[in-house]
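S.K.:
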Amino acid sequence: MMEYILRLLPALLSGLDTTLKVFFLTLILSIPLGVLVAVGRLSKIKPLVALVELYIWVMRGTPLLLQIIFVFFGLPIVGITFDRFPAAILAFVLNYAAYFGEIFRGGIESIDKGQYDAAKVLGFTPAKTFTRIILPQMIKIVLPSVANEVITLIKDTSLVYVVGLGELLRAGKIASNRDVSLVPLVVVGVFYLVLTAVLTAIFQKLEEKYSYFQ
Amino acid sequence: MVLKVQGLYKSFKRKPVLKNINFELGQGEILAILGRSGVGKTTILRCINNLVKCDRGIINVDQMYLCKDDGEGNTVYAKPQQMLQIRKKLGLVFQNFNLFPHMSVLGNIVEAPINVFGISKKEAKDRAMDLLEMLELSDKANSYPFELSGGQKQRVAIARACALNPKIMCLDEPTSALDPELREGIASTIENLAKDGMGILIITHDMNFAKRIAHRIIFMDEGQIIKECSKEEFFNNIDNERIKSFIS
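Structure (structure tokens):
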């Protein structure tokens, strides 16, 4: 048994490598973009607000799987082509930025308006008010929701199989079909569980770090 | 004269809140603006601190115009660079303090001097520690706002507002969040600031507090000043019905 699992590992680890690449790239790109989405959504410029709302509606209102297929198989029809990996990342980032944007917007809106007044009388520019006063308080508020989203993301990465990328789940499925065995699927499940446990622990630490204020 | 307000008008959604407000505040003077809630007291404070823009009027802060008439009947505001200089002259203590919860007591006080006005860290910190010592809060420098009592938060808010040596200190309902036994403390703190030459503008509906601390009283009703006089005159011969009903 152990021997069989060890034989599976190289293929699964290479799948894990793709999974983690999709995961981290999506996070690194969609979180800052999500801040911009939130700021755009809260701006006083009406057309910008309408545009951002439309974007959020489309991204949250259609399946991520459809969005990936749209970017990789659909856009080439109109002459826009991407390689597999960039296509998957583009769809993931646009999708996740919409979700993060809404989470951040909720966080920003729950901050007391008096904080803006206090910053203004002390001479803060709007940009400094946001980075020094609003953002640190927002991060604390949104951490639990972001943790949820991040854990969803690690599992959503399995959707990139549709463009033919060999991620973790696909590697397990291939082995399972080939060997007519349940073991590869169980091992894949354990991989996801371990990843989720690590993420949960990281977010717990982050929440502790932000518990110094209320 | 550290503050001069002339012909100040402000409406919200066409409803007039301030109708021709005129007053002055001298150096070291404690001026209390009294009146029921909703008569426009806080709006005056928000206009002076440029948290809302007035519709019309002249506000002069220590020889600098926050807003003035451009000669053609339009009210124009100071340019951003000058606005920053005016902000330096003004301190405001909010009714609910609005401390920054994610910063320590010291952080709250030094944040603006360092990050807005470019004062060196050491200088800002030394000044903050002096203020905290004066306000008997030295041991709380590294505490966070949620760890403080209401009275302590208020003193931190005063220290933060004093960090840039303003000429004018505005306090919005300073006794509203305090236990009665803490009133004397805040009264003497304010008096000390006035002794150093600061002009103090207090918005309150607390008669006893005004009686205890103010040099001069402005009484407001329905967006207008209906009485302006010394404290003695105000409390000794009340001839106005509206003031009578307010006090009793």
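Quick note, the sequences are listed as chains A and B, same order.
Here our numbering is used: the first residue of the first sequence is 1, the next is one more, and so on.
Here our numbering is used: the first residue of the second sequence is 1001, the next is one more, and so on.
Yeah, the Cβ is synthetic: ideal placement off N, Cα and C, and Gly gets one too.
Going by Cα to Cα distance, which pick from Asn1236/B, Asp1062/B, Gly1107/B is closest to Gly1197/B?
M.R.: Residue 1197/B sits at position 197 when you count from the first residue of the second sequence. The residue with the shortest Cα to Cα distance from Gly1197/B is Asp1062/B.
S.K.: Using beta carbons (cut-off 8 Å, strictly below), is Asn1096/B in contact with chain A?
M.R.: Start at 1 with the first residue of the second sequence, and residue 1096/B comes out as number 96. For Asn1096/B, the answer is yes, since a Cβ of chain A falls inside 8 Å of its Cβ.
S.K.: How about Glu167/A and Thr157/A: are their beta carbons less than 8 Å apart?
M.R.: As a working note, residue 167/A is residue 167 in the first sequence. As a working note, residue 157/A is residue 157 in the first sequence. Contact flag set, yes.
S.K.: Tell me the residue span of the beta strand (DSSP E) that contains Glu1024/B.
M.R.: Residue 1024/B sits at position 24 when you count from the first residue of the second sequence. Where Glu1024/B is concerned, the enclosing beta strand (DSSP E) stretches over 1015-1025.
S.K.: Return the bridge partner residues of Tyr192/A from the DSSP annotation.
M.R.: Here the question's residue 192/A lines up with position 192 in the first sequence. Residue pairing from DSSP leaves Tyr192/A without any beta-bridge partner.
S.K.: Answer with yes or no whether the minimum CB distance from Ala118/A to chain B is below 8 Å.
M.R.: Translated into positions along the first sequence, residue 118/A becomes position 118. Cβ-Cβ to chain B under 8 Å: yes for Ala118/A.
S.K.: Starting from Cys1067/B, trace the beta strand (DSSP E) both ways and give me its first and last residue.
M.R.: In the second sequence, residue 1067/B corresponds to position 67, counting from 1. Residues 1064-1069.
S.K.: For Arg41/A, would you say it is in contact with chain B, using Cβ-to-Cβ distances shorter than 8 Å as the test?
M.R.: Numbered from 1 along the first sequence, position 41 holds the residue referred to as residue 41/A. It does not: the Cβ of Arg41/A has no partner Cβ on chain B nearer than 8 Å.
S.K.: Do the CB positions of Ser30/A and Val93/A come within less than 8 Å of each other?
M.R.: By 1-based counting over the first sequence, the position of residue 30/A is 30. By 1-based counting over the first sequence, the position of residue 93/A is 93. A contact, by the Cβ cut-off of 8 Å.
S.K.: When you compare the CB of Asn1115/B with every CB in chain A, is at least one pair closer than 8 Å?
M.R.: Reading the second sequence from its first residue, position 115 is the one you call residue 1115/B. Yes, its Cβ sits closer than 8 Å to a Cβ of chain A.
S.K.: Under 7 Å, CB to CB, which of the residues in the segment 118-148 of chain A have a partner in chain B?
M.R.: Ala118, Lys120, Val121, Leu122, Gly123, Phe124, Lys128, Arg132, Ile133, Pro136, Gln137
S.K.: Give me the chain A residues within the contact set of His1112/B, using Cβ-Cβ distance strictly less than 8 Å, ordered along the chain.
M.R.: As a working mapping, residue 1112/B is identified with position 112 in the second sequence. Looking at the sequence shown, residue 1112/B is not His but Ala. The answer, in chain order, is Leu122, Gly123, Phe124.
S.K.: Out of Arg1056/B, Ser1011/B, Cys1054/B, point me to the one whose CA is closest to Gly1038/B's CA.
M.R.: For the purposes of this step, residue 1038/B is taken as the residue at position 38 of the second sequence. The candidate whose alpha carbon is nearest that of Gly1038/B is Ser1011/B.
S.K.: Does the beta carbon of Tyr1009/B come closer than 8 Å to any beta carbon on chain A?
M.R.: Reading the second sequence from its first residue, position 9 is the one you call residue 1009/B. With 8 Å as the cut-off, Tyr1009/B does not count as an interface residue toward chain A.
S.K.: Would you verify that the beta carbon of Tyr212/A is, or is not, closer than 8 Å to some beta carbon of chain B?
M.R.: Along the first sequence, one-based indexing puts residue 212/A at 212. Taking Cβ atoms only, chain B reaches closer than 8 Å to Tyr212/A, which makes this a yes.
S.K.: Considering only C-alpha positions, which residue in the set Gly1223/B, Ile1218/B, Leu1018/B is nearest to Ser1230/B?
M.R.: Position 230 of the second sequence, counted from the start, is the residue given in the question as residue 1230/B. Ser1230/B has its Cα closest to that of Ile1218/B, out of Gly1223/B, Ile1218/B, Leu1018/B.
S.K.: I think Glu1029/B touches Arg1216/B, with their Cβ atoms under 8 Å apart; what is that distance to the nearest whole Å?
M.R.: Here the question's residue 1029/B lines up with position 29 in the second sequence. Here the question's residue 1216/B lines up with position 216 in the second sequence. Indeed, because the Cβ distance is near 7 Å, the residues count as touching under 8 Å.
S.K.: On the CB-based measure, 16 or more other CB atoms within 10 Å of its CB, does Leu51/A come out buried or exposed?
M.R.: Along the first sequence, read from residue 1 onward, the residue named residue 51/A stands at position 51. Leu51/A comes out exposed.
S.K.: Distance check for Asn1108/B and Val1005/B, CA to CA, integer angstroms please.
M.R.: Locating residue 1005/B in the second sequence gives position 5, counting from the first residue. Locating residue 1108/B in the second sequence gives position 108, counting from the first residue. In a straight line, the C-alpha of Val1005/B is about 30 Å away from that of Asn1108/B.
S.K.: Skipping 5 residues on each side, what residues in its chain have a beta carbon closer than 6 Å to that of Ala1194/B?
M.R.: As a first step, residue 1194/B must be located in the second sequence, where it is residue number 194. Gly1028, Ile1030, Ile1200.
S.K.: Could you give the first and the last residue of the continuous beta strand (DSSP E) run that contains Ala1032/B?
M.R.: Taking the second sequence and counting its residues from 1, one reaches residue 1032/B at position 32. Looking at the DSSP string, the run of the beta strand (DSSP E) that includes Ala1032/B is 1030-1034.
S.K.: Going by the beta-carbon positions, is the gap between Met1001/B and Gly1040/B smaller than 8 Å?
M.R.: Taking the first residue of the second sequence as position 1, residue 1001/B is located at position 1. Taking the first residue of the second sequence as position 1, residue 1040/B is located at position 40. Going by beta carbons, Met1001/B and Gly1040/B fall outside the 8 Å limit.
S.K.: Am I right that Asn1049/B and Leu1092/B are in contact with their C-beta atoms under 8 Å? What's the rounded C-beta distance?
M.R.: Position 49 of the second sequence holds residue 1049/B. Position 92 of the second sequence holds residue 1092/B. Between Leu1092/B and Asn1049/B the Cβ distance is about 5 Å, and since that is below 8 Å, they are a contact.
S.K.: Determine, using beta carbons only, whether Leu199/A and Ile154/A come nearer to each other than 8 Å.
M.R.: As a first step, residue 199/A is located in the first sequence; it is residue number 199 there, counting from the start. As a first step, residue 154/A is located in the first sequence; it is residue number 154 there, counting from the start. Yes; because the gap between Cβ atoms is below 8 Å, this pair is in contact.
S.K.: Any residues in the segment 100-117 of chain A with a beta carbon nearer than 7 Å to a beta carbon of chain B? Which ones, in chain order?
M.R.: Listed in sequence order: Gly114, Gln115, Asp117.
S.K.: Pull up the distance between the alpha-carbon of Ile1225/B and that of Arg1155/B, whole angstroms please.
M.R.: Counting from 1 along the second sequence, the entry for residue 1225/B is found at position 225. Counting from 1 along the second sequence, the entry for residue 1155/B is found at position 155. Taking the straight line from one Cα to the other gives about 30 Å.
S.K.: Could you name the residues of the same chain whose beta carbon sits closer than 6 Å to that of Ala1163/B, not counting the 5 residues immediately before and after it, in chain order?
M.R.: Counted from its first residue, the second sequence places residue 1163/B at position 163. Result list for Ala1163/B: Ile1109, Pro1113, in chain order.
S.K.: Could I get the ranges of all uninterrupted beta strand (DSSP E) runs contained in the segment 1158-1234 of chain B, with 3 residues as the minimum, in chain order?
M.R.: Qualifying beta strand (DSSP E) stretches, in chain order: 1168-1172, 1199-1204, 1216-1221, 1224-1230.
S.K.: Using a beta-carbon distance below 8 Å, is Pro1180/B in contact with chain A?
M.R.: The residue labelled residue 1180/B in the question sits at position 180 within the second sequence. Answer no: the Cβ-Cβ gap between Pro1180/B and chain A never drops below 8 Å.
S.K.: Please list the partners that Pro1101/B has in chain A, where partner means a Cβ-to-Cβ separation under 8 Å.
M.R.: As a working note, residue 1101/B is residue 101 in the second sequence. By Cβ distance, chain A contributes Gln137, Phe213, Gln214.
S.K.: Arg1087/B CB to nearest chain A CB: under 8 Å?
M.R.: Translated into the one-based positions of the second sequence, residue 1087/B becomes position 87. Taking Cβ atoms only, chain A reaches closer than 8 Å to Arg1087/B, which makes this a yes.
S.K.: Which of helix, strand or coil does DSSP assign to Gly1057/B?
M.R.: To locate residue 1057/B, count along the second sequence from 1; it is residue 57. The answer is strand: DSSP assigns Gly1057/B an E or B state.
S.K.: Less than 8 Å between the C-beta atoms of Leu1034/B and Thr1204/B, yes or no?
M.R.: Indexing the second sequence from 1 puts residue 1034/B at position 34. Indexing the second sequence from 1 puts residue 1204/B at position 204. Yes, Cβ-Cβ distance for Leu1034/B and Thr1204/B is below 8 Å.
S.K.: Restricting to Cα atoms, I'd like to know which of Phe1246/B, Met1220/B, Ser1245/B, Glu1233/B is closest to Val1017/B.
M.R.: Start at 1 with the first residue of the second sequence, and residue 1017/B comes out as number 17. Among Phe1246/B, Met1220/B, Ser1245/B, Glu1233/B, the Cα nearest to that of Val1017/B belongs to Met1220/B.
S.K.: Counting along the chain, where does the alpha helix (DSSP H) carrying Gln1006/B start and finish?
M.R.: Translated into the one-based positions of the second sequence, residue 1006/B becomes position 6. Taken as a continuous stretch (DSSP letters only), Gln1006/B belongs to no alpha helix (DSSP H), being part of the beta strand (DSSP E) at 1003-1012.
S.K.: Taking just the CA atoms, how far does Pro76/A sit from Pro86/A?
M.R.: As a first step, residue 86/A must be located in the first sequence, where it is residue number 86. As a first step, residue 76/A must be located in the first sequence, where it is residue number 76. Near 13 Å, if we compare the C-alpha coordinates of Pro76/A and Pro86/A.
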